[in-house]
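Enquirer: One structure coming up, written as structure tokens, with questions to follow.
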Amino acid sequence: VLDFGLAKLTAHEAATIDTEAPTKTLFKTDPGTVVGTVVYMSPEQARGMPVDARTDIFSFGVVLYEMVAGCLPFAGSTSSEVLASILSEKEPQPLARYSREVPAELERIVSKALRREREQRYQTTKDLLLDLQSLKQQLEFQAELERSAGVEPGGEPPVRANGGRAVASSRQSAVQDRAPATSAPEIRSLAVLPLENLSANPEDEYFADGMTDALITTLAQIGALRVISRTSVMRYKGARKALPEIARELKVEAVIEGTVVRSGSRVRIAAQLIEAATDTHLWGRNYESDVRDVLALQSDVARTIAHEIQIQLTPQEKARLAGTRPVDPEAYEAFLKGRHHWYRRSPDALKKALEYLQQAIAKDPTFAMAYAGLADAYNSLGWDIFGILPPEESFPKAKDAAKKALELDPNCAEAHAALGNAAMCYDWDWVTAETEFRRAIELKPQYGPVHIWYSHFLRAMGQNEESFEEARRALECDPLGLVLNMHMGWHYVYSREYQQAIEQLLKTLELDPGFIMTHVFLGEAYEQMGMFAQAIAEFEKAVNLSEREPIYLAGLGHAFAVSGRRDEALQTIQELNQLSTRRYVSARGVAEIYMGLGDKEQAFAWLDKAFQQRNGWLLHLKENPRYDILRTDPRYRDLVRRMNLG
């Protein structure tokens, strides 16, 4: 215990004594020039280097390890052997070796305190204290739940009790060094890093991810704050990057990190706000509620964060954050699972999303967000890039679900966005589409999907610069998002800036080589550049990754056609016709193969079928380079007129 504060002592003495004189020793009974008791000594102390507060944190980690394990992390029969152990590359034995009941979070805390490189340790006692406080409360929370479930007071495993006592005792020690509270700087951009799941059940991982998404969504309602979207932050799940590095990559001033634990009907969130540039802890707090009140809990967190970073909420924002309602726990769980699968955007995931969202509504027919999620799922299922449901089957259901959500909550931004999407893709009702998109953006300025859909709308209306700007705005909030990065590549293709498209889409593939739509638009860019071998290779990847989805087969067929491989293009049409006898096949895809073959008669015949199907992608027929072959034909102008594209 006497060793704590040696960093402060040596700093004081350095200013008052001869710096060439031997350093004072507390090195057991051996003479020397290092300060401290050897078994609690940090690597920098052992090397005789200058010390600072992080040295005390290492020594404290040794004490904490000893309290839990009953032995020292660095041992030896002589001082020299102990020093060698401290300076070696070998890590101490995991605490779990002494008992499987040691909490994983305590293991992480002790391990971080004992990092040999002090830059990798806790940088301040305040940060260490926050983690210990959070763990202590989680252990108390779990114990309370176990008691309420009938666990005997003496039934808790002894080592877990040791862990709890260690946390409680260390909290009392650490609190004495806690820095005085200071006001947080003004912050206008932040990222919510994936909340760590501390529940006993690893299957609750989706719940932690869902709570991360919900907190992001709630904070995104604050217009003065730029919040990074879910798809970008989820890339840091499980990553061991330094917070300043993450902040630089996401271009934010602060990050929120924390944990979530769910047990029975109770949920607890521990959140902390960290200034990115200095890795300085600004604020931390724990929140607990019944799962039924989880929406109110999320709003409470958002309001507190806004206050801490000195953002003035508008009256409308205050009203929206206060206007939460209880939700059935099973409905909320199903909603989180549904949203989780919707974000994955694969055909199988979209089907699962639909199933879970229907379950959520069955459990709680008054849950507006579940209806909004259902509307999104149906919109995606009807979009022919997935080719799962005929548009006439999916989009009307999407509209019904969105309207129901708005009956329950007129300020549900997601529902307004979904209604605008259906109006654009199915009704070709441009006035309603724009009205709904604008309303959604007003309600939730940083809701990424609405910016993508509104960008599509502006592009179809011929407002290309405005469309690009909308896409760029979305990318600011989701710089690592696959859909948004792919979307920028698509923009370049339809602007006929093919080299920029290729560069953007190759960059997107670095984020995820398995993202199908990136291969599709990269194939289209290569196609327009006359790089047919590369184009065919990209479409073949899309076909294989999707297990021969019809719309991707059609893209490959078009590449065969324009590259002179006529027989293979015709074989693709034959395969699509056979598939259409047992599942939905987009007529648009077949029409485009005929365009590649130069067969205008068949191309227009199939475009008429696509029009009857209410194919959503037809909204881009004026910009799509593949349609250039048709533009001088009166039938093309008639199709533009019928779609009210002017």
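Following my numbering, the numbering of the sequence shown begins with 132 at its first residue and continues without gaps. The beta-carbon is built from N, C-alpha and C at its ideal position, and this holds for glycine as well.
Would DSSP call Tyr-229 helix, strand or coil?
Expert: Tyr-229: coil per DSSP, three-state reduction.
Enquirer: If we count the other Cβ atoms within 10 Å of its Cβ and call it buried at 16 or more, is Gln-705 buried or exposed?
Expert: Exposed, by the Cβ-count rule.
Enquirer: With DSSP as the reference, identify every bridge partner of Ile-583, one or two as the case may be.
Expert: BP columns for Ile-583 are empty, so no partner.
Enquirer: Please state the DSSP three-state secondary structure of Thr-349.
Expert: Helix, per DSSP.
Enquirer: Could you work out which residue in Gly-645, Arg-423 and Arg-590 is closest to Tyr-623 when comparing CA atoms only?
Expert: The residue with the shortest Cα to Cα distance from Tyr-623 is Arg-590.
Enquirer: Taking a contact to mean a Cβ-Cβ separation below 9 Å, would you say Arg-768 touches Asp-609 in this structure?
Expert: No. Outside cutoff.
Enquirer: Indicate whether Ala-564 and His-582 have their beta-carbon atoms separated by less than 9 Å.
Expert: No, the pair does not count as a contact, with Cβ atoms beyond the cut-off.
Enquirer: Alpha carbon to alpha carbon, what distance is there between Leu-640 and Tyr-657?
Expert: Each residue's alpha carbon lies about 15 Å from the other.
Enquirer: Quick check for students: name the residue ranges of the beta strand (DSSP E) that lie wholly in the segment 606 to 694, counting only runs of 3 or more.
Expert: List check, beta strand (DSSP E) in window: nothing returned.
Enquirer: Identify whether Thr-256 lies in helix, strand or coil by the three-state DSSP scheme.
Expert: Reduced to three states, the DSSP call for Thr-256 is helix.
Enquirer: Give me the residue from Val-213, Val-199 and Ser-210 with the minimum Cα distance to Leu-226.
Expert: Measuring from the Cα of Leu-226, the nearest candidate turns out to be Val-199.
Enquirer: Quick one: residues in its chain with C-beta nearer than 7 Å to the C-beta of Val-386, no 5 flanking neighbours on either side, listed in chain order?
Expert: Correct list, in chain order: Leu-321, Ala-322, Leu-324, Leu-374, Ile-377, Ala-378, Ile-405 and Ala-407.
Enquirer: Straight-line CA distance for Gln-307 to His-618?
Expert: With a pLDDT of only 34 at Gln-307, under 50, the local geometry of the prediction cannot be trusted, and the value read off the model is given with reservation. Taking the straight line joining both Cα atoms gives about 52 Å.
Enquirer: In terms of residue numbering, what span does the alpha helix (DSSP H) encompassing Gly-389 cover?
Expert: Segment 385 to 394 is the beta strand (DSSP E) holding Gly-389; no alpha helix (DSSP H) there.
Enquirer: For Leu-505, which residues from the same chain have a beta carbon less than 6 Å from its beta carbon, with the 5 sequence-adjacent residues on both sides left out?
Expert: Here the set comprises Leu-488 and Ala-532.
Enquirer: Would Gln-709 be called buried (16 or more neighbouring beta carbons within 10 Å of its own) or exposed?
Expert: Exposed: under 16 other Cβ atoms inside 10 Å.
Enquirer: Rounded to a whole number of angstroms, what is the C-alpha to C-alpha distance between Gln-429 and Leu-346?
Expert: Approximately 6 Å between the Cα atoms of the pair.
Enquirer: Any contact between the segment 479 to 494 and the segment 671 to 684? By contact I mean 3 or more CB pairs, one from each, below 8 Å.
Expert: No, the segment 479 to 494 does not touch the segment 671 to 684.
Enquirer: Just checking my contact of His-412 with Lys-257 at CB under 8 Å: how many whole Å lie between their CB atoms?
Expert: Sure, about 5 Å apart at Cβ, within 8 Å.
Enquirer: Specify the secondary structure class of Ile-442 as computed by DSSP and reduced to three states.
Expert: Three-state result, Ile-442: coil.
Enquirer: Got a sec? Which residues, its chain only, sit under 7 Å from Lys-528 by beta carbon, not counting five neighbours each side?
Expert: Tyr-509, listed in sequence order.
Enquirer: Does the segment 687 to 697 come close enough to the segment 659 to 668 that 3 or more CB-CB pairs lie under 8 Å?
Expert: Contact holds: three or more Cβ-Cβ distances are below 8 Å.
Enquirer: Quick one: which unbroken alpha helix (DSSP H) runs of 4-plus residues sit fully inside the segment 447 to 481? Chain order, please.
Expert: Whole alpha helix (DSSP H) segments, 4+ residues: 460 to 475.
Enquirer: Bridge partners of Trp-414, per DSSP?
Expert: According to DSSP, which records beta bridges pairwise, Trp-414 is partnered with Leu-404.
Enquirer: Name the residue from Gln-733, Tyr-557, Asp-495 and Leu-512 whose alpha carbon lies nearest to the alpha carbon of Leu-539.
Expert: Among Gln-733, Tyr-557, Asp-495 and Leu-512, the Cα nearest to that of Leu-539 is on Asp-495.
Enquirer: Around the C-beta of Gly-593, are 16 or more other C-beta atoms found within 10 angstroms, so that it is buried, or is it exposed?
Expert: Gly-593 is exposed by the Cβ-count criterion.
Enquirer: Looking at Leu-329 and Val-391, is the spacing between their C-beta atoms short of 9 Å?
Expert: In this structure, Leu-329 lies closer than 9 Å to Val-391 by Cβ.
Enquirer: Quickly, what does DSSP pair Asp-421 with across the bridge? List them, please.
Expert: According to DSSP, which records beta bridges pairwise, Asp-421 is partnered with Arg-397.
Enquirer: From this set, Arg-745, Ala-673, Val-422 and Ile-572, which residue's C-alpha is nearest Cys-556's C-alpha?
Expert: The candidate whose alpha carbon is nearest that of Cys-556 is Arg-745.
Enquirer: Alpha carbons only, please: which of Arg-714, Arg-757, Val-170 and Met-365 is nearest the one belonging to Thr-209?
Expert: That would be Val-170, whose Cα lies nearest to the Cα of Thr-209.
Enquirer: State the Cα-Cα distance for the pair Gln-176 and Glu-607, rounded to the nearest angstrom.
Expert: Computed Cα separation, rounded: 45 Å.
Enquirer: Between the segment 172 to 190 and the segment 249 to 256, can you find at least three pairs of beta-carbon atoms closer than 8 Å?
Expert: Yes: at least three Cβ pairs fall under 8 Å.
Enquirer: DSSP puts Ala-322 in a beta bridge; with which residues?
Expert: Ala-322 pairs with Val-386.
Enquirer: Which class does Asn-328 belong to by DSSP, given the choice of helix, strand or coil?
Expert: Correct three-state label for Asn-328: strand.
Enquirer: Any idea if Ala-339 is buried or exposed, counting beta-carbon neighbours within 10 angstroms, 16 or more meaning buried?
Expert: Ala-339 is buried by the Cβ-count criterion.
Enquirer: Please list the terminal residues of the continuous alpha helix (DSSP H) segment that includes Phe-189.
Expert: 184 to 200 is the extent of the alpha helix (DSSP H) around Phe-189.
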